[in-house]
Each structure stands twice: as structure tokens, then as C-alpha cells.
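Residue numbers (this note's numbering): 37 to 140. Report on the structure given below.
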Amino acid sequence: SQIPPVNDFKAGMKLEARDPRNATSVCIATVIGITGARLRLRLDGSDNRNDFWRLVDSPDIQPVGTCEKEGDLLQPPLGYQMNTSSWPMFLLKTLNGSEMASAT
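Pasting the structure below:
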């Protein structure tokens with residue numbers, strides 16, 4: 037791996053990320069900010085009080101679609117405010133037309 041790793045991410049991109057408050061859950065996240073090789077992430081369906089940082093080469097982030105390919109399910113973030121039965125429709129709406137981060 038390069039030091040520092042190359043950062044090809046842009047604000048607004050979508051990716052899959054482990055929920056830092058529930059490490060067994062993988063959620064959809066949006067890149068909110070970038071500082072060098074660090075990404076400020078927000079889990080879709082949560083608010084800015086739970087933003088967190090990850091390095092671009094962190095094993096805790098992956099391209100959208102990785103869970104599906106591996107037979108896993110994307111989860112709503114801990115504290116998801118809406119009814120969990122609305123989660124599949126929320127996912128469709130949040131991903132529709134969004135720029136997806138690619139594998140680094």
C-alpha cells in the first residue's frame with residue numbers, strides 16, 4: 037500500500053461502511069468530507085451527530101454492492117429514525133442517481 041494511500045473519493049459518494057457503534061452491521065454511508073487520506077462518513081438514515089472518520093484503505097469500507105455479492109444484507113444504522121419496514125425503499129431512494137465509490 038502507498039503511504040499515504042491515494043484518495044480518489046469525492047464528497048457525496050456512496051459506499052458501504054461498518055457502523056462504528058455496531059461492528060456487525062454494514063450500512064450505506066455518504067462521504068461528507070475529505071482530509072488527506074481520511075474520509076468523514078455519515079451513515080445514511082442517521083444525523084451528523086454520528087459522523088466518523090476512516091482512512092481510504094480501511095477494511096471497514098467497501099464499494100456499494102459488496103454485501104450483496106457476498107450474500108450479506110445491508111442494515112439500517114443503529115438509531116435509524118424511520119420504521120425499519122421502510123428500510124428497503126429508503127435504500128432505493130438514497131442510492132438512485134448517486135455516485136458510487138469504486139474499489140481502491
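Glycine residues also receive a C-beta, built at the ideal position from the N, C-alpha and C atoms.
- DSSP places residue 131 inside the alpha helix (DSSP H), whose first and last residues are 123-131.
- If you draw a straight line from the Cα of residue 105 to the Cα of residue 52, it comes to about 12 Å.
- Scanning 64, 50 and 46 for the CA closest to the CA of residue 56 turns up 64.
- Looking from the CA of residue 69, the closest CA among 91, 119 and 108 belongs to 91.
- DSSP places residue 50 in the uninterrupted beta strand (DSSP E) bounded by 50-55.
- Pairing residue 116 with residue 42, the inter-Cα distance amounts to about 32 Å.
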